[in-house]
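S.K.:
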Amino acid sequence: MNIFRLAGDMSHLVAILILLLKIWRSRSCAGISGKSQVLFALVFTTRYLDLFTSFISAYNTVMKVVFLALSYATVYLIYMRFRNSYDSENDTFRVEFLLVPVIGLSFLENYSFTPMEILWTFSIFLESVAIMPQLFMITKTGEAESITNHYLFFLGLYRALYIVNWVWRYHTEGFFDQIAVVSGVVQTIFYCDFFYLYVTRVLRGRGKMSLP
Amino acid sequence: ADEASAHDEL
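Sequence lines, in order, name chains A and B.
Note that this note's numbering has the first sequence beginning at 2, numbered continuously upward.
Note that this note's numbering has the second sequence beginning at -4, numbered continuously upward.
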């Protein structure tokens, strides 16, 4: 554990809490892609199966349980509790276009050809593209509430901090997880355009912003 | 990479 990794995890937690509290307080999930949230719940589910097989640390276990619980709570709020506000007409990204290649790749490129490892790899690859329905929705509607942008900012920050963490771990302990690093870098690139717009538009007071 | 059994990152 290093400071970059911890800050990354905290940033991830903040992102998830921002989204959950936004939906809860406004009693609305307008502008939120339910599909992206289902994909994230699937990411956590398939990655954290090792909760049952290997213990790493109390921190690790607690965070996994928290992420799982929060992601399922978010999906519940969107599709059950506040489903009347769910903007399904604009949440039209075809997730099969993500799932099919991701499933295929996880069978081709993994650390060992076992169900657990293939599911772990699937979760890593899926996480890198799971935000695409959300970004697609923002592009389609032309704008997002500033709170949604804060959510995306912290999600992107989490990814950027993980890259710094990997650089740190590579130099201090020789750690290099190729699958995680390559897909993590790809994932972070998706946020670059958003980051630029976030800084130039949201932080300079316009509140709302649109993606080109 | 032989970290196949222990993924210690979240």
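Don't be surprised by glycine CBs; every beta carbon is placed ideally from N, CA and C.
Keep in mind that this is a model prediction, so the values were computed, not measured.
At a Cβ threshold of 8 Å, is B/E4 touching chain A?
M.R.: Position 9 of the second sequence, counted from the start, is the residue given in the question as residue 4 of chain B. Yes, its Cβ sits closer than 8 Å to a Cβ of chain A.
S.K.: State yes or no: is the C-beta of A/N150 within less than 8 Å of the C-beta of A/Y80?
M.R.: Taking the first residue of the first sequence as 1, we reach residue 150 of chain A at position 149. Taking the first residue of the first sequence as 1, we reach residue 80 of chain A at position 79. No. Outside cutoff.
S.K.: Is A/N91 close to chain B? Criterion is C-beta to C-beta, closer than 8 Å.
M.R.: The residue given as residue 91 of chain A occupies position 90 in the first sequence. By this cut-off, A/N91 is not an interface position.
S.K.: Output yes or no for whether 8 Å exceeds the beta carbon distance between A/V1 and A/A42.
M.R.: Residue coverage of chain A in this structure runs from 2 to 213, which leaves residue 1 of chain A outside it and unanswerable.
S.K.: Can you tell me the Cα-Cα spacing of A/L71 and A/T62, whole angstroms?
M.R.: Within the first sequence, residue 71 of chain A is the residue found at index 70, counting from 1. Within the first sequence, residue 62 of chain A is the residue found at index 61, counting from 1. Cα to Cα, the separation comes out at about 14 Å.
S.K.: In the DSSP assignment, find the unbroken alpha helix (DSSP H) run with A/S27 in it and report its ends.
M.R.: By 1-based counting over the first sequence, the position of residue 27 of chain A is 26. Per DSSP, A/S27 belongs to the alpha helix (DSSP H) from I4 to S27.
S.K.: Any beta-carbon of chain B closer than 8 Å to the one on A/K23?
M.R.: If you number the first sequence from 1, residue 23 of chain A lands on position 22. Not closer than 8 Å to any Cβ of chain B, the Cβ of A/K23 fails to qualify, so no.
S.K.: Against chain A, with Cβ distances strictly below 8 Å, would B/A(-4) count as a contact?
M.R.: For the purposes of this step, residue -4 of chain B is taken as the residue at position 1 of the second sequence. With a pLDDT of only 39 at B/A(-4), under 50, the local geometry of the prediction cannot be trusted, and no value is derived from it.
S.K.: Rounded to a whole number of angstroms, what is the C-alpha to C-alpha distance between A/I17 and A/W121?
M.R.: As a working mapping, residue 17 of chain A is identified with position 16 in the first sequence. As a working mapping, residue 121 of chain A is identified with position 120 in the first sequence. Computed Cα separation, rounded: 21 Å.
S.K.: Using a Cβ-Cβ cut-off of 8 Å (strictly less than) and excluding sequence neighbours within five positions of A/M225, which residues of its own chain qualify?
M.R.: It is not possible to answer for residue 225 of chain A, since the shown part of chain A is limited to 2 through 213.
S.K.: Helix, strand or coil for B/E(-2)? Go by DSSP, reduced to three states.
M.R.: As a working mapping, residue -2 of chain B is identified with position 3 in the second sequence. A caution first: B/E(-2) carries a pLDDT of 44, below 50, which makes its placement in the model unreliable, though a value can still be read off. In this structure, B/E(-2) counts as coil in the three-state DSSP scheme.
S.K.: Would a C-beta distance cut-off of 8 Å place A/D92 and A/S27 closer than the cut-off?
M.R.: By 1-based counting over the first sequence, the position of residue 92 of chain A is 91. By 1-based counting over the first sequence, the position of residue 27 of chain A is 26. No, they are not a contact pair.
S.K.: Beta carbon of A/Y216, beta carbon of A/S12: below 8 Å?
M.R.: Absent from the structure is residue 216 of chain A, since the part of chain A shown begins at 2 and ends at 213.
S.K.: Hey, does A/A59 have any beta-carbon neighbour from chain B nearer than 8 Å?
M.R.: Translated into the one-based positions of the first sequence, residue 59 of chain A becomes position 58. Judged by the 8 Å Cβ criterion, A/A59 is not in contact with chain B.
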